[in-house]
Amino acid sequence: MNRLLSSGTAILLHPVFLIVAISAWSGCDNRGQRSAARPLVSGSPLVAVDRAGFDRVIAENKGKVVLVDFWASWCPPCQYAFPHTVALFTENRERGLQVVSVSLDSAADAQKAQQFLDSVGASFENLICTEENAIASFDIPDAIPYYTLYDRQGRLRYRFSPMFTDGVRGETPASIDRRVEELLAEQG
């Protein structure tokens, strides 16, 4: 899809640009989205965690490369990007990749989050944050989707965001794939 600028120069609207633009315009920054934690949907595989619980999950996965995907059901860029996370896990789980998704939905929206996870076949560990201000609790610079990547020793090695904020470069799925491959190739 091409657009012409006033000077007549054509620019290509790249999918990454669209994700960044939609994220910026859709307000996927979680401000005002949290409500008090309430019981989750009965029988939901979503596990409610605070920051300390999340840190325990990362520690329990020591020995694996862990990609964390922070997302929410109300965030269109998250919904667009999440199937890539599912595919990356499917292709690499036998090599030692673990994916942990962290929904920033309110407890009241847990059912929507679960429906989305079911629709994309998210068969990895799925958490839902109970923190009032999840963006601050998880050190997310600005917007979601947001990703963190841990090595086999449990050390945070990379942070990825489609936004250019707080020193975090805007990243593409291919650059995330390269970093995952790099860490999977490292010997423990």
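Mapping to my numbering: the sequence shown position 113 is 300, numbers consecutive.
Ideal Cβ placement from N, Cα and C applies to all residues, glycine included.
Keep in mind the model is a prediction, meaning the values are calculated, not measured.
Per-residue burial, residue i [other beta carbons within 10 Å of its own, 16 or more giving buried]
i: Asn313; result: buried
i: Ser222; result: Low per-residue confidence applies at Ser222: pLDDT is 34, beneath 50, and the placement is therefore not dependable enough to give any value.
i: Ala321; result: buried
i: Ala309; result: buried
i: Pro349; result: buried
i: Gln374; result: exposed
i: Ala268; result: buried
i: Ala300; result: buried
Nearest residue (CA-CA) to residue i, options the options
i: Pro270; options: Arg346, Lys299, Ala297, Ser306; result: Ser306
i: Tyr345; options: Val252, Asn248, Ala239; result: Val252
i: Glu368; options: Asp237, Glu247, Phe276, Ala246; result: Phe276
i: Phe241; options: Leu291, Ala274, Pro360, Arg366; result: Leu291
i: Ala330; options: Glu318, Pro263, Arg243; result: Pro263
i: Gln285; options: Ser348, Phe347, Glu373, Glu247; result: Glu247
i: Ala297; options: Val234, Val244, Leu370, Tyr333; result: Val234
i: Phe311; options: Thr272, Val236, Trp258; result: Thr272
i: Val236; options: Gly341, Gly283, Gln340, Ser324; result: Ser324
i: Ala295; options: Arg282, Asn279, Glu281, Ile315; result: Ile315
Beta-carbon proximity list for residue i, same chain, < 7 Å, skipping 5 on both sides
i: Arg366; result: Leu336, Tyr345
CB contact flag (residue i, residue j, <8 Å)
i: Arg238; j: Glu318; result: yes
Sequence-distant residues of the same chain with beta carbon closer than 8 Å to residue i, five excluded per side
i: Asp353; result: Residue confidence is low: Asp353 scores 47 on pLDDT, short of 50, so the model does not pin down where it sits. No coordinate-derived value is stated.
Inter-residue CB distance, residue i and residue j (contact presumed, cutoff 8 Å)
i: Ala274; j: Cys265; result: In fact, because the Cβ distance is near 15 Å, the residues do not count as touching under 8 Å.
i: Asp256; j: Pro360; result: Between Pro360 and Asp256 the Cβ distance is about 11 Å, and since that is not below 8 Å, they are no contact.
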